[in-house]
Amino acid sequence: MLNDAKIQAAKPGLKTYKLADAHQLYLYVSPQGSKLWRMKFKFDGKEKTLRWGSIPSSVLSLPARFCPPDDAPRASARRADRRASGCRRTFCG
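Structure representation (structure tokens):
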């Protein structure tokens with residue numbers, strides 16, 4: 001599990017890298033220094049990535065509270081694949 005100290009210690013490198021958390025949730029660290037929450041899941045047999053966006057360090061556990069991992073595929077199904085619809089909502093619902 002990631003904690004605040006591990007996230008703050010993550011420094012940009014030459015390539016992007018991922019810091020795994022729990023339930024397919026991970027922190028994506030880019031060479032430019034941005035830290036973004038993402039989650040992998042399968043929907044209709046295809047692997048998808050749910051992008052949470054940049055989260056301030058004071059609310060590091062925000063993604064887990066807004067959308068439990070078991071609910072991510074159902075939330076995506078309710079929105080009928082948000083990429084196709086052009087929806088840019090950040091949280092599940």
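First residue of the sequence shown: 1, per my numbering; consecutive thereafter.
Just so it is clear, CB atoms sit at the ideal spot from N, CA and C, and this is done for glycine as well.
Kindly indicate the opening and closing residues of the beta strand (DSSP E) around residue i.
i     : result
Lys46 : Lys46 to Ser54
DSSP beta-bridge partners for residue i?
i     : result
Met39 : Leu25 and Leu50
First and last residue of the alpha helix (DSSP H) that includes residue i?
i    : result
Lys6 : Asp4 to Ala9
Go ahead and pull the three-state DSSP assignment for residue i.
i     : result
Lys18 : strand
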